[in-house]
Amino acid sequence: MNKTEYLNRLDEQKKIQELMKGDKYTLNFHLIPPSGWLNDPNGLCQFNGVNHIYYQYTPFDATWGMKLWGHYTTEDWITYKEYEPFIFSDIEDDRDGVYSGSAFIKNNEFYFYYTGNVKHTDKKYDYISAGREQNTILIKSKDGFTYKEKKTLLKNIDYPKNMSCHVRDPQIFEKNDNYYMVLGARNLDDVGCILIYQSKDLENWDYHMTLTTPEKFGYMWECPNIIEISGQTFLICCPQGVEQQGIDYANIYQCGYFPLELDLEKKEYKFGDFIELDRGFDIYAPQTFLDENNRRILIGWMGIPDADYTNQPTIDKGWQHALTLPRELKANGKKIYQLPLEEYKKLRGEVQKTLDCSAENVELNFEFITCKNFNLTLRDSISLTYDGSIFTLDLEKCGFGRKTRSVKLKNLIDIQIFLDNSSIEIFLNSGEEVFTSRCYSKNLEANPKFSGEYTLNDFKWYELKKFEILK
15 MNKTEYLNRL DEQKKIQELM KGDKYTLNFH LIPPSGWLND PNGLCQFNGV NHIYYQYTPF
75 DATWGMKLWG HYTTEDWITY KEYEPFIFSD IEDDRDGVYS GSAFIKNNEF YFYYTGNVKH
135 TDKKYDYISA GREQNTILIK SKDGFTYKEK KTLLKNIDYP KNMSCHVRDP QIFEKNDNYY
195 MVLGARNLDD VGCILIYQSK DLENWDYHMT LTTPEKFGYM WECPNIIEIS GQTFLICCPQ
255 GVEQQGIDYA NIYQCGYFPL ELDLEKKEYK FGDFIELDRG FDIYAPQTFL DENNRRILIG
315 WMGIPDADYT NQPTIDKGWQ HALTLPRELK ANGKKIYQLP LEEYKKLRGE VQKTLDCSAE
375 NVELNFEFIT CKNFNLTLRD SISLTYDGSI FTLDLEKCGF GRKTRSVKLK NLIDIQIFLD
435 NSSIEIFLNS GEEVFTSRCY SKNLEANPKF SGEYTLNDFK WYELKKFEIL K
């Protein structure tokens with residue numbers, strides 16, 4: 015979809031937006047699509063104090079369609095500005111969609127890298143070994159809003175010969191006076207892996223090395239980020255094709271990270287064990303960036319592809335999916351901890367200590383002295399339980415196919431919950447474990463009820479204000 019085609023359909027978008035008005039399940043402190051469908055966050059960066067949030071966007075269809083890059087900005091994480099789509103599908107090398115990518119800022123200029131999708135239809139293809147182009151494309155911009163041209167950097171022929179047609183989602187980092195591009199990939203043996211390319215100028219790239227686990231861990235690794243926190247290197251990625259093991263790897267596709275020892279000069283590496291980043295039903299394609307205060311910030315897609323549960327209530331209103339609350343990442347050894355940004359405290363109303371909580375959009379905080387077991391019900395339909403070793407989220411009454419997700423937890427020290435109209439984000443033990451999910455309760459009043467064998471040091475809650483979205 016090029017810009018002209020988009021502009022010619024704006025009346026159609028207005029009709030969808032009218033349908034969205036008054037939807038009880040719209041989200042008040044999360045970013046949702048202006049209309050239609052949203053998925054992966056893309057191009058996350060901060061420039062001159064402004065945070066840019068691009069995202070996969072299909073304006074006219076709530077279930078799928080031709081992908082563009084939508085665009086929000088914010089300076090304070092509370093007030094946002096919505097813009098028309100930033101990247102349209104308007105060249106041969108991205109004719110079937112502007113897929114995911116990232117931003118890198120150098121010398122006061124944005125470098126946007128993304129995957130241009132092309133699917134051939136002249137004959138029957140499997141679109142794995144043949145029939146699909148995954149073109150790595152560069153856009154340079156002085157302001158993050160406009161650009162003059164697109165430059166294709168890598169095509170299928172430029173990837174290693176044993177790669178399938180699934181190579182995508184470029185991310186850039188700088189190390190030892192070199193630039194490195196990270197791409198998620200699937201090889202012809204159906205093994206997930208990461209390709210790394212090297213450059214001196216951000217435009218001319220040479221293949222450098224491939225990363226994969228000694229034993230196969232899924233057939234495709236999507237949305238890679240190689241980052242460093244407190245001296246520890248991590249590879250965040252989304253492996254597809256990993257089978258469930260007990261309560262682990264319960265989603266159809268995984269979202270997590272490997273602690274990583276990586277020597278780029280010697281081309282040597284060693285993976286630690288894969289750790290799930292989030293144990294909820296609706297988390298995928300996270301992307302991170304360093305802000306101007308040197309915080310490592312993560313935003314994820316509050317959704318997942320090909321799930322057997324749905325978001326039918328919002329689909330019926332013309333929209334689907336959202337972005338997670340942005341989170342600051344910290345590391346404790348080889349473990350990543352996540353907590354909502356400090357800025358979200360500005361959403362809080364007056365602190366409340368009473369159990370009488372009829373508010374709908376709330377933050378709830380529990381701090382325990384001891385906790386042998388704990389049961390919490392919200393909205394008469396969301397159940398959280400801890401039995402001394404396993405924490406479980408049960409959404410069977412309001413999940414539209416979502417049932418339970420669990421995690422092993424040695425101790426329950428604290429719980430922080432963000433409850434929006436149709437989402438819940440749970441942070442356990444100061445971000446040691448996180449659950450992100452959509453949920454569709456009939457009654458949206460929080461109405462917390464809890465029981466168990468525990469001693470509370472503190473319980474408090476806050477009603478939360480809405481984001482302000484400027485257009």
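Okay, so the sequence shown: first residue is 15 according to the numbering used here, each after it adds one.
Glycine included, C-beta positions come from ideal geometry on N, C-alpha and C.
How is the alpha helix (DSSP H) around residue i delimited, first residue to last?
i              : result
methionine 223 : It is not in any alpha helix (DSSP H) - methionine 223 instead sits in the beta strand (DSSP E) that spans 220-225.
isoleucine 427 : Neither: isoleucine 427 is in no alpha helix (DSSP H) and is coded neither H nor E.
proline 327    : 326-329
tyrosine 20    : 17-21
Over the uninterrupted beta strand (DSSP E) stretch that includes residue i, give me the two end residues.
i                 : result
aspartate 271     : One detail in the question is off: residue 271 reads as tyrosine in this sequence, not aspartate. Element bounds for tyrosine 271: 270-277.
tyrosine 468      : 463-477
proline 354       : 349-354
glutamate 26      : Premise fails: glutamate 26 lies in the alpha helix (DSSP H), 24-34, not in any beta strand (DSSP E).
lysine 38         : That residue, lysine 38, is in no beta strand (DSSP E); it is neither H nor E in DSSP.
lysine 384        : Rather than lysine, the amino acid found at residue 384 in this sequence is threonine. Note, threonine 384: beta strand (DSSP E), 376-392.
lysine 189        : 177-189
tyrosine 298      : 298-304
lysine 164        : 164-168
glutamate 229     : Per DSSP, glutamate 229 belongs to no beta strand (DSSP E) and is neither H nor E.
threonine 406     : 404-408
tyrosine 263      : Premise fails: tyrosine 263 is in no beta strand (DSSP E) and is neither H nor E.
leucine 442       : 437-442
arginine 246      : Checking the sequence, you will find glutamine at residue 246 rather than arginine. That run of the beta strand (DSSP E) goes 246-254.
phenylalanine 449 : 447-452
arginine 341      : 341-346
Compare the beta carbon distance of residue i and residue j with 8 Å and say whether it is the shorter of the two.
i                 : j                 : result
serine 155        : phenylalanine 124 : yes
serine 397        : lysine 422        : no
glycine 206       : threonine 224     : no
threonine 184     : tyrosine 128      : Looking at the sequence itself, residue 184 is proline, so the reference to threonine does not match. Yes, these two residues count as a Cβ contact at 8 Å.
leucine 484       : threonine 93      : yes
phenylalanine 388 : tyrosine 400      : yes
glutamine 259     : alanine 345       : no
histidine 66      : glycine 158       : yes
arginine 23       : phenylalanine 74  : yes
isoleucine 440    : isoleucine 429    : yes
leucine 378       : phenylalanine 405 : no
threonine 328     : tyrosine 39       : yes
lysine 424        : phenylalanine 43  : no
glutamate 257     : leucine 152       : no
leucine 409       : cysteine 453      : yes
isoleucine 250    : threonine 166     : no
phenylalanine 126 : glycine 115       : yes
arginine 419      : alanine 299       : no
Buried or exposed: where does residue i fall if 16 or more other Cβ atoms within 10 Å of its Cβ makes it buried?
i              : result
glutamine 254  : buried
lysine 81      : buried
isoleucine 171 : exposed
tryptophan 78  : exposed
threonine 180  : Here residue 180 turns out to be histidine, not threonine, going by the sequence shown. With 16 or more Cβ atoms within 10 Å of its Cβ, histidine 180 is classed as buried.
serine 436     : buried
threonine 88   : buried
isoleucine 383 : exposed
glutamate 19   : exposed
asparagine 308 : exposed
tyrosine 141   : exposed
histidine 134  : exposed
aspartate 370  : exposed
threonine 543  : Residue 543 lies beyond the range of the chain shown here (15 to 485); nothing can be said about it.
glutamine 326  : exposed
asparagine 122 : exposed
aspartate 108  : buried
lysine 456     : exposed
threonine 368  : exposed
proline 174    : exposed
glycine 130    : buried
leucine 202    : exposed
At 3 residues or longer, and completely inside the region 66-105: list those beta strand (DSSP E) runs for me, N to C.
For secondary structure counted as the beta strand (DSSP E) over 3 or more consecutive residues, the region 66-105 holds these complete runs in sequence order: 82-88 and 93-101.
Determine contact between the region 313-333 and the region 465-475, defined as no fewer than three beta-carbon pairs at a distance below 8 Å.
no
Hey, is the region 360-375 in contact with the region 334-347, meaning 3+ C-beta pairs nearer than 8 Å?
no
Report yes or no: do three or more beta-carbon pairs, one from the region 44-59 and one from the region 342-357, lie closer than 8 Å?
Short answer: they don't touch.
May I ask you to verify whether the region 19-37 touches the region 272-283, counting CB pairs closer than 8 Å and requiring at least 3?
no
With three or more C-beta pairs closer than 8 Å as the rule, is the region 379-398 touching the region 233-244?
In short, these stretches do not touch, since the Cβ pair count stays below three.
Under 8 Å, with one C-beta from each stretch per pair, do the region 212-219 and the region 190-197 reach the 3-pair mark?
yes
Would you check if the region 18-30 and the region 263-276 touch, i.e. whether three or more CB-CB distances between them fall below 8 Å?
no
In chain order, what are the residue ranges of uninterrupted beta strand (DSSP E) at least 3 long that sit wholly in the region 113-146?
123-133
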